[in-house]
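Going down the list, the sequences are from chains A and B. Under our numbering, the residues of the first sequence are numbered 8 to 121, in order. Under our numbering, the residues of the second sequence are numbered 45 to 155, in order.
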Amino acid sequence: KNQVEQSPQSLIILEGKNCTLQCNYTVSPFSNLRWYKQDTGRGPVSLTIMTFSENTKSNGRYTATLDADTKQSSLHITASQLSDSASYICVVSDRGSTLGRLYFGRGTQLTVWP
Amino acid sequence: EADIYQTPRYLVIGTGKKITLECSQTMGHDKMYWYQQDPGMELHLIHYSYGVNSTEKGDLSSESTVSRIRTEHFPLTLESARPSHTSQYLCASGDREEVQYFGAGTRLSVL
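In structure tokens, the structure reads:
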């Protein structure tokens, strides 16, 4: 069964600190992996998208890594800000269909305290 | 900021009523999607469309229906709302790199 597991389920850090969120997947075949940020009451917004051949990709203070061999990805947030408080969702796409079937994780709820 | 809009943002309605959730995008994307998301849970695909006059059911069985008469418009309809339909409904459109752009969602409560 294709699955996407994220950890931790929730995380609280102080403003200015760094943190790393984890994503393990069993989706096969694999096309790409995306990280989305979802603010409370809003729709998800894409942060990064990585294909099989990419190991790391950055978007400002967000850096995503991908190890396609171990089927693991991480999202590292540097110098956290209050506005980083949100749910971070890992999404994996398979290669099997025109639609690009997406498998969603349940997200990591990040809270940044002042 | 993606140009995809959902209305209403919040809807409280009684059992048995017919409702339509609106979704519009101005990016000219052919692919559009409807997801259902309960609090703290993952998104589940309930409908998708490849383009005008194309609609397909997603992975999660849903009593809702959709239509795609125009590229920019992808409304979702529930003929007879029930309390089990209470959830958040998210609409998205996808570009050629398969990045999906989401609307703000409609939070539906059926009493």
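Glycine residues also receive a C-beta, built at the ideal position from the N, C-alpha and C atoms. These numbers were taken from a predicted model, which means no experiment stands behind them.
Please state whether DSSP places residue i in a helix, a strand or coil.
i	result
Ser98 (chain B)	coil
Ser38 (chain A)	coil
Leu104 (chain B)	coil
His117 (chain B)	strand
Ser124 (chain B)	coil
Ser111 (chain B)	coil
Leu65 (chain B)	strand
Leu89 (chain A)	helix
His73 (chain B)	coil
Arg49 (chain A)	coil
Asn31 (chain A)	strand
Leu117 (chain A)	strand
How would you list, in chain order, the residues of chain A whose beta-carbon sits under 9 Å from the beta-carbon of residue i?
i	result
Gly149 (chain B)	Gly48, Arg49 and Gly50
The beta strand (DSSP E) with residue i in it runs from where to where?
i	result
Asp74 (chain A)	Tyr69 to Asp74
His91 (chain B)	His88 to Ser93
Thr55 (chain A)	Val52 to Thr58
Val11 (chain A)	Val11 to Ser14
Ala32 (chain B)	Any question about residue 32 (chain B) goes unanswered here, given that chain B covers just 45 to 155.
Thr51 (chain B)	Ile48 to Thr51
Val143 (chain B)	It is not in any beta strand (DSSP E) - Val143 (chain B) carries neither H nor E in the DSSP assignment.
Leu21 (chain A)	Ser17 to Leu21
Determine the contact status of residue i and residue j, defining contact as a CB-CB distance below 8 Å.
i	j	result
Ser137 (chain B)	Ile57 (chain B)	no
Glu107 (chain B)	Leu122 (chain B)	yes
Gln80 (chain B)	Tyr133 (chain B)	yes
Ser68 (chain B)	His129 (chain B)	no
Lys44 (chain A)	Tyr110 (chain A)	no
Ser65 (chain A)	Leu73 (chain A)	no
Arg102 (chain A)	Ser38 (chain A)	yes
His88 (chain B)	Leu104 (chain B)	yes
Thr115 (chain A)	Leu28 (chain A)	yes
Gln13 (chain A)	Cys97 (chain A)	yes
Cys26 (chain A)	Leu117 (chain A)	yes
Val143 (chain B)	Ile19 (chain A)	no
Gly149 (chain B)	Arg49 (chain A)	yes
Met85 (chain B)	Cys135 (chain B)	no
Leu54 (chain A)	Tyr69 (chain A)	yes
Anything in chain A within Cβ reach of residue i, meaning under 7 Å, just list it in chain order.
i	result
Met85 (chain B)	Arg113
Leu104 (chain B)	Ordered by position in chain A, no residue passes the 7 Å Cβ test against Leu104 (chain B), which lies about 11 Å from the chain.
Quick one: which chain B residues come within Cβ less than 9 Å of residue i?
i	result
Ile56 (chain A)	Glu141, Glu142 and Val143
Assuming residue i contacts residue j under a Cβ cut-off of 8 Å, what Cβ separation, rounded to an integer in Å, is found between them?
i	j	result
Gly147 (chain B)	Thr115 (chain B)	So it is not a contact: roughly 16 Å between Cβ atoms.
Asp91 (chain A)	Val119 (chain A)	5 Å
Ile90 (chain B)	Gly72 (chain B)	Wrong, their Cβ atoms sit about 23 Å apart, outside the cutoff.
Leu40 (chain A)	Val99 (chain A)	5 Å
Below 8 Å on C-beta distance, what does residue i contact in chain B?
i	result
Ser53 (chain A)	Val143, Gln144 and Tyr145
Ser100 (chain A)	Glu142
Can you list the residues of chain A that residue i reaches, using a CB-CB cut of under 8 Å?
i	result
Leu134 (chain B)	Gly50 and Pro51
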